[in-house]
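Trainee:
There are 2 protein chains.
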Amino acid sequence: MPELNTTDALAQISFLIQDMVERRAAEHEGSLIQTRLLGILRDRKPTINELAALLGLDKSSVSGLVDRAAKRGWVRRVPSMVDRRSVRVALTDAGRSVVDSVAAGFAQDIEQLLAPLSDGDRDAITDVLTRVLIAHAREHGVDLFANLVR
Amino acid sequence: MPELNTTDALAQISFLIQDMVERRAAEHEGSLIQTRLLGILRDRKPTINELAALLGLDKSSVSGLVDRAAKRGWVRRVPSMVDRRSVRVALTDAGRSVVDSVAAGFAQDIEQLLAPLSDGDRDAITDVLTRVLIAHAREHGVDLFANLVR
DNA sequence: TATTGTTATACTCTATAACTATA
DNA sequence: TATAGTTATAGAGTATAACAATA
Chain P
1 MPELNTTDAL AQISFLIQDM VERRAAEHEG SLIQTRLLGI LRDRKPTINE LAALLGLDKS
61 SVSGLVDRAA KRGWVRRVPS MVDRRSVRVA LTDAGRSVVD SVAAGFAQDI EQLLAPLSDG
121 DRDAITDVLT RVLIAHAREH GVDLFANLVR
Chain D
151 MPELNTTDAL AQISFLIQDM VERRAAEHEG SLIQTRLLGI LRDRKPTINE LAALLGLDKS
211 SVSGLVDRAA KRGWVRRVPS MVDRRSVRVA LTDAGRSVVD SVAAGFAQDI EQLLAPLSDG
271 DRDAITDVLT RVLIAHAREH GVDLFANLVR
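Those protein sequences? They're chains P and D, same order as listed. Using the numbering used here, count along the first sequence one by one with no gaps and you end on 150. Using the numbering used here, count along the second sequence one by one with no gaps and you end on 300.
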């Protein structure tokens with residue numbers, strides 16, 4: 001069997017996974033970044049600034065992103081109670097339905113991708129990847145469990 | 151230690167890796183897709199149509215992509231000898247220098263990311279991911295070893 | 001007629017800079 | 001003055017449809 005080096009294997013698997021998310025998002029006329037936005041909103045109502053930090057984007061980019069998500073009926077801006085300059089972004093029922101559907105489809109894609117693996121192999125890569133992610137999050141001062149799609 | 155499930159771990163690692171490629175590309179005012187383009191051209195001179203298939207884009211998107219890469223001096227269009235409708239896209243010396251530099255930086259990022267792992271863990275995930283990628287490529291009729299960044 | 005590539009058009013996504021309302 | 005968010009502007013990236021040149 002031919003073998004990839006570790007770098008190539010990780011690069012290729014990441015392109016594959018991004019592509020899966022994009023395809024699932026496209027089923028709802030959405031994009032990868034829209035899916036990430038909805039994913040964050042599943043369990044939070046962040047401000048625009050907080051979203052910018054979580055997504056690694058400028059606040060003006062997030063403002064437009066939220067505009068387009070709102071136009072599709074997936075999110076709404078809720079005025080902040082404590083600071084009249086600020087808004088909180090919340091998922092609508094339609095938005096929750098979309099993100100749930102994308103997440104379910106994506107889980108199915110991963111299920112199929114990993115079908116050739118034994119339970120032991122699966123546990124092994126989950127364990128190793130988790131350790132890598134935790135170490136990376138610690139080094140960069142990020143809370144791994146409050147980020148990305150989930 | 152907290153644990154992610156397999157789907158979350160794979161999703162997060164893929165976002166992390168894409169981000170690494172993007173940051174390295176940005177060191178040369180490039181993007182992820184420009185880097186993928188240059189990566190493909192490292193060992194081939196494809197037509198626009200072939201590039202469209204390899205990148206999963208419409209040929210008109212590739213036409214613009216190549217325009218912008220050419221404007222930066224990274225690629226050039228070479229008239230085909232056999233079909234006067236067709237062009238082949240080739241890397242320039244400047245383009246090769248950019249893609250080599252991005253690849254080297256990315257390899258360094260992965261090195262650092264995997265620093266916490268033992269040699270055994272490293273071999274294990276490389277082996278498992280390679281098997282997954284080969285199975286996926288076979289099922290989708292793709293030649294794994296003629297694709298993506300490399 | 002069919003194929004290769006480009007162009008016109010429209011939209012999403014992104015950053016920078018300037019602006020407003022509020023703090 | 002400083003901060004939260006929006007808007008104006010510019011550019012990359014993408015797809016669809018129409019087109020010219022060639023097969």
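All residues carry an ideal CB built from backbone N, CA and C; glycine is no exception. Keep in mind it's a predicted model, so treat the numbers as computed, not measured.
Which chain P residues are close to D:R272, counting only those with a beta carbon under 8 Å from its beta carbon?
Mentor: T6
Trainee: Is the CB-CB distance between D:H290 and P:L113 below 8 Å?
Mentor: Not a contact, by the Cβ cut-off of 8 Å.
Trainee: Which of the residues in the region 162-181 of chain D, read from start to end, lie with their CB under 8 Å from any CB of chain P?
Mentor: Q162, I163, S164, F165, L166, I167, Q168, D169 and V171
Trainee: Compute the Euclidean distance between the alpha carbons of D:A159 and D:A253, then round it to the nearest angstrom.
Mentor: 24 Å
Trainee: Just curious, the alpha helix (DSSP H) that P:R68 is in, first and last residue?
Mentor: K59 to K71
Trainee: For D:T242, which residues from the same chain have a beta carbon less than 8 Å from its beta carbon, with the 5 sequence-adjacent residues on both sides left out?
Mentor: Residues G223, W224, V225 and R226 of the same chain have their beta carbon placed closer than 8 Å to that of D:T242, with the five preceding and five following residues left out of the count.
Trainee: Quick one, which of D:P229, D:P266, D:G189 and D:Q168 has its alpha-carbon nearest D:A131's?
Mentor: Any question about residue 131 of chain D goes unanswered here, given that chain D covers just 151 to 300.
Trainee: Considering just the uninterrupted stretch of the beta strand (DSSP E) at D:V228, what are its terminal residues?
Mentor: Its beta strand (DSSP E) spans residues V225 to P229.
Trainee: Take the Cβ of D:G180 as the centre, count every other Cβ of all protein chains shown within 10 Å, and call the residue buried at 16 or more, exposed below.
Mentor: buried
Trainee: Evaluate D:M231 with the Cβ neighbour count: other Cβ atoms within 10 Å of its Cβ, from every protein chain shown; 16 or more gives buried, anything less gives exposed.
Mentor: exposed
Trainee: Which residues in chain P have a C-beta closer than 7 Å to the C-beta of D:A159? List them in chain order.
Mentor: T126, L129, T130 and L133
Trainee: Quick check: the Cα distance between D:R272 and P:A115, rounded to an integer number of angstroms?
Mentor: 21 Å
Trainee: Can you find the residues in the same chain that come closer than 8 Å, C-beta to C-beta, to D:P196, ignoring five residues on each side of it along the sequence?
Mentor: I190, L204, R238 and V239
Trainee: For D:F256, which option in D:Q168, D:I163, D:V228 and D:A161 has the closest C-alpha, if you only look at C-alpha atoms?
Mentor: D:Q168
Trainee: Just the chain P side, please: which residues come within less than 9 Å of D:E153 by C-beta, in chain order?
Mentor: T126, D127 and T130
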